[in-house]
Amino acid sequence: MTDCNIYNTPIVNKDFRGLRIDKFLAKCFPEISRSQIQKNIEQGNVTCDDITVGDNSYKIKEGESFVLVVPEAVDAEPKPQNIELPILYEDDDIVVVNKPSGMVVHPAPGAWDNTMVNALLFHCNNLSGIGGVKRPGIVHRIDKETSGVLVVAKNDNAHKFLCEQFAEHSIERTYYAVCYGVPNSMKGVIEGDIGRSPYDRKKMAIVSKGGKKAVTHYQVTEVFKNEACLIKCNLETGRTHQIRVHLSSLGHNLLGDKLYVKSKKMTAKTIAEEIRNFANNFPRQALHAQSLGFIHPKTKEKMFFETKIPEDMQELLNVLRKI
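Note that our numbering numbers the sequence shown so that position 293 is 300, with each residue one more than the last.
1. What residue does the beta strand (DSSP E) around asparagine 15 start on, and which one ends it?
2. Just to confirm the assignment: which complete beta strand (DSSP E) runs, minimum length 3, are found wholly within the segment 101-181?
3. Decide if asparagine 260 is buried, meaning its Cβ has at least 16 other Cβ atoms within 10 Å, or exposed.
4. Here's a check: name, in chain order, each residue in its chain whose Cβ is nearer than 7 Å to the Cβ of asparagine 133, leaving out the five neighbours to either side.
5. Report yes if the C-beta distance between isoleucine 1 and valine 252 is below 8 Å; otherwise report no.
6. Whose CA, out of Asp62, Met110, Cys55, lies closest to the CA of glycine 70?
7. Would you report the Cα separation of tyrosine 14 and isoleucine 58, rounded to the nearest angstrom?
8. Would you check if the distance between the CB atom of lysine 272 and the CB atom of asparagine 284 is smaller than 8 Å?
9. Assess, as a yes-or-no matter, whether the segment 210-229 is touched by the segment 148-160 under the definition of 3 or more beta carbon pairs within less than 8 Å.
10. Suppose you measure from the CA of threonine 122 to the CA of glycine 138; what does that come to, to the nearest Å?
11. Count the other CB atoms, across all protein chains shown, that sit within 10 Å of the CB of aspartate 99; report buried if there are 16 or more and exposed otherwise.
12. Does any residue of chain C have a CB that is nearer than 8 Å to the CB of glutamate 49?
13. Got a sec? Which residues, its chain only, sit under 6 Å from glutamate 243 by beta carbon, not counting five neighbours each side?
14. What residues match up with histidine 224 in a beta bridge as DSSP calls it?
15. Under the three-state reduction of DSSP, which class applies to alanine 33: helix, strand or coil?
16. Can you tell me where the beta strand (DSSP E) holding alanine 212 begins and where it ends?
17. Which runs of the alpha helix (DSSP H) at least 4 residues long sit entirely within the segment 29-77? Give them in chain order.
18. What do you get for aspartate 29, buried or exposed, if any count of 16 or more other CB atoms within 10 angstroms of its CB means buried?
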């Protein structure tokens, strides 16, 4: 039986008599959305003296009290979908994938299907269950618009072994990012604890309290007339949006990044308009997880996988080289 949360209202007094039941419950339990309350009323989850109240427009009476039963949300089990997925390597323990940009790694609000998990479930007979219903086999993830290498566990032993390596920061991860401007130092280390931004819950930020240690080693590998540069990043840690947050903190946000937006754009009049427009309107954050190195969970051999920079980012680089 599904677990439930039970809510008891106070006895209705004269100030509330004649109020609609859905409005009354919304006032009593502000932590529950009115639409959720209405849905539960329609499903027969509200009673008064053990009598079901199934009409949202029911007018409550003085002296009544109500019980609202809200079933715990159950994750929808993702379904296998025949989606093309570039497989770099596979054996009985792991799958290594070159995730394309635009693909979400696992189901989440707003993206319940057409994810990498849906594709993997179609391709594989089984995946590790440690990640739960929505994240079978998922050991780590990259953002929807970021492309590149991911390793997925096909059994629980492999999952645990890989997670230990991520926790110990022994995984080798190299990313390439295209950023506005050029850092003062051509190579260096960015350190700053990362946590949820106190000003915008969609963003991560470098925070003084409550964050997790984050360390990014970077090296500028190509400069485009001081308007932009290609940066190689090696992650010592792997926090949410780490590269995007750390480079943005230096004032060098990624081209195409619509979340960590700075005022910096390509504006030099000496640059051809078509080049400026192409760079400033790049449709995704220019970030690619190029390589991944780890110890195989069963053979204990060192494994290393590398992919080419995808076509869209390569086209961006070719355009920038014309500045």
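Think of the CB as a built atom: it goes at the ideal place given N, C-alpha and C, for glycine as much as any other residue.
Reading off the structure:
1. Within the sequence shown, the letter at position 8 stands for residue 15. Taken as a continuous stretch (DSSP letters only), the beta strand (DSSP E) holding asparagine 15 covers 11-15.
2. 101-106, 154-160
3. For the purposes of this step, residue 260 is taken as residue 253 along the sequence shown, with counting starting at 1. It counts as buried.
4. Here residue 133 corresponds to residue number 126 of the sequence shown, with the count starting at 1. Cβ neighbours of asparagine 133 beyond the five flanking positions: Lys161.
5. With the chain covering 8 to 330 only, the question about residue 1 has no answer from this structure.
6. Position 63 of the sequence shown, counted from the start, is the residue given in the question as residue 70. Taking only the C-alpha atoms, the option nearest glycine 70 is Cys55.
7. Stepping through the sequence shown from its first residue, residue 14 is reached at position 7. Stepping through the sequence shown from its first residue, residue 58 is reached at position 51. Their backbone Cα atoms lie some 16 Å apart in a straight line.
8. On the sequence shown, position 265 is the one that residue 272 refers to. On the sequence shown, position 277 is the one that residue 284 refers to. The answer is no: Cβ separation not under 8 Å.
9. no
10. Your numbering for residue 122 matches position 115 in the sequence shown. Your numbering for residue 138 matches position 131 in the sequence shown. Those two C-alpha atoms are separated by around 15 Å.
11. Residue mapping note: residue 99 aligns to position 92 of the sequence shown, counting from 1. Answer is exposed; the Cβ neighbour count stays below 16.
12. Absent here is chain C; the protein component of the structure consists of one chain.
13. Counting from one through the sequence shown, the residue named residue 243 turns up at place 236. Closer than 6 Å at Cβ, skipping near neighbours: His176, Val222.
14. Residue mapping note: residue 224 aligns to position 217 of the sequence shown, counting from 1. Answer is Val196, Asn241, bridged to histidine 224.
15. The residue you call residue 33 lines up with position 26 of the sequence shown. The answer is helix: DSSP assigns alanine 33 an H, G or I state.
16. Start at 1 with the first residue of the sequence shown, and residue 212 comes out as number 205. Note, alanine 212: beta strand (DSSP E), 211-213.
17. 41-49
18. For the purposes of this step, residue 29 is identified with residue 22 of the sequence shown, where counting begins at 1. Aspartate 29 is buried by the Cβ-count criterion.
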